[in-house]
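Take 24 as the starting number for the sequence shown in my numbering and just add one per residue.
Note that the Cβ used here is the ideal one computed from N, Cα and C, for glycine as well.
What follows is one structure encoded as structure tokens, with my remarks underneath.
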Amino acid sequence: MKLLGSLFSWLIWAAIGCYVGFFGGGFYYTPPKSSADLAAWAGAIGTIAAFVGTVVLATRQSREKQRTERNLAALVAAGVLPGISEAIHTLQWVEAELSTPPIGHAPSLYLNYSSRLKLLCPWDAQLIQPLAILANDVGYHLEFARSRIVFAQTITEQWASTGALVEGAVLDHIVRSLQSARRSLEIARNECKQITPPVPILVSV
Numbered sequence: 024m025k026l027l028g029s030l031f032s033w034l035i036w037a038a039i040g041c042y043v044g045f046f047g048g049g050f051y052y053t054p055p056k057s058s059a060d061l062a063a064w065a066g067a068i069g070t071i072a073a074f075v076g077t078v079v080l081a082t083r084q085s086r087e088k089q090r091t092e093r094n095l096a097a098l099v100a101a102g103v104l105p106g107i108s109e110a111i112h113t114l115q116w117v118e119a120e121l122s123t124p125p126i127g128h129a130p131s132l133y134l135n136y137s138s139r140l141k142l143l144c145p146w147d148a149q150l151i152q153p154l155a156i157l158a159n160d161v162g163y164h165l166e167f168a169r170s171r172i173v174f175a176q177t178i179t180e181q182w183a184s185t186g187a188l189v190e191g192a193v194l195d196h197i198v199r200s201l202q203s204a205r206r207s208l209e210i211a212r213n214e215c216k217q218i219t220p221p222v223p224i225l226v227s228v
């Protein structure tokens, strides 16, 4: 997207250069011979100046808009990064727990998993919307991960309430959902780290 914007900007300036060169060459080789010709040339030059001014203003506004959007994305990324990292660690733990035999976990354990999953991803589509400008579809990955985690949390909560023995394909499906959520969060984390300044590490004396 940035490459297309730069290419379009260069094409505009090239067109302006050709336009100015054409009229400049015409003025040099066929200078105005009367006041009417001079007025026509002045009008043409005024048109060129107005066009150049419009392009310069639009370019400046576009750059300011991009800078504002990037600054807002950096602020949002800094806000969600801790939650993303915490979610990744929690998902790794829950995946390992659900994948460890014996599979027949007690209802209290499923309730623990559900409670931990419920605390993850405290964001919504509106909050992460500024991250749409980042590469690799960060906003999509965050929303996808949140939906998978909500799904797994709901199912584990149902298991805790029924006390049923869960195993086989049903359990594997939940584990795969958590794994796909974690991979999406890892992609989002890597992109958010690129736009935010490094966090200083406190060293105890």
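What residues in its chain sit with their C-beta under 7 Å from that of residue i, if we drop five residues either side in the sequence?
i: residue 27; result: Its pLDDT being 47, under 50, residue 27 is placed unreliably by the model, and nothing is read from it.
i: residue 24; result: Legend: pLDDT at residue 24 = 47, less than 50; position of this residue unreliable, value from coordinates given subsequently. Around residue 24: no qualifying Cβ.
Around the Cβ of residue i, are there at least 16 other Cβ atoms within 10 angstroms (buried) or fewer (exposed)?
i: residue 123; result: exposed
i: residue 112; result: exposed
i: residue 200; result: buried
i: residue 137; result: buried
i: residue 204; result: buried
i: residue 228; result: Confidence in residue 228 is poor, its pLDDT being 47 and thus under 50, which makes the residue's placement unreliable; the coordinate value appears in the next sentence. Result: exposed.
Out of curiosity, what's the CA-to-CA distance linking residue i and residue j?
i: residue 209; j: residue 145; result: 16 Å
i: residue 211; j: residue 102; result: 13 Å
i: residue 172; j: residue 90; result: 33 Å
i: residue 69; j: residue 150; result: 46 Å
i: residue 167; j: residue 207; result: 7 Å
i: residue 161; j: residue 189; result: 33 Å
i: residue 141; j: residue 114; result: 11 Å
i: residue 182; j: residue 135; result: 11 Å
i: residue 110; j: residue 83; result: 40 Å
i: residue 100; j: residue 66; result: 51 Å
I'd like the list of long-range same chain contacts for residue i, defined as Cβ closer than 8 Å, with 5 residues on each side in sequence excluded.
i: residue 255; result: Residue 255 cannot be examined here, being either before or after the span of the chain that is shown, 24 to 228.
Using a Cβ-Cβ cut-off of 6 Å (strictly less than) and excluding sequence neighbours within five positions of residue i, which residues of its own chain qualify?
i: residue 156; result: 92 and 96
i: residue 130; result: 183 and 186
Evaluate the contact criterion for the stretch 190-203 versus the stretch 75-91: three or more CB pairs, one atom per stretch, below 8 Å. no
Spell out a yes or no on whether the stretch 144-162 and the stretch 176-185 are touching, meaning 3 or more CB-CB pairs, one atom from each, closer than 8 Å. no
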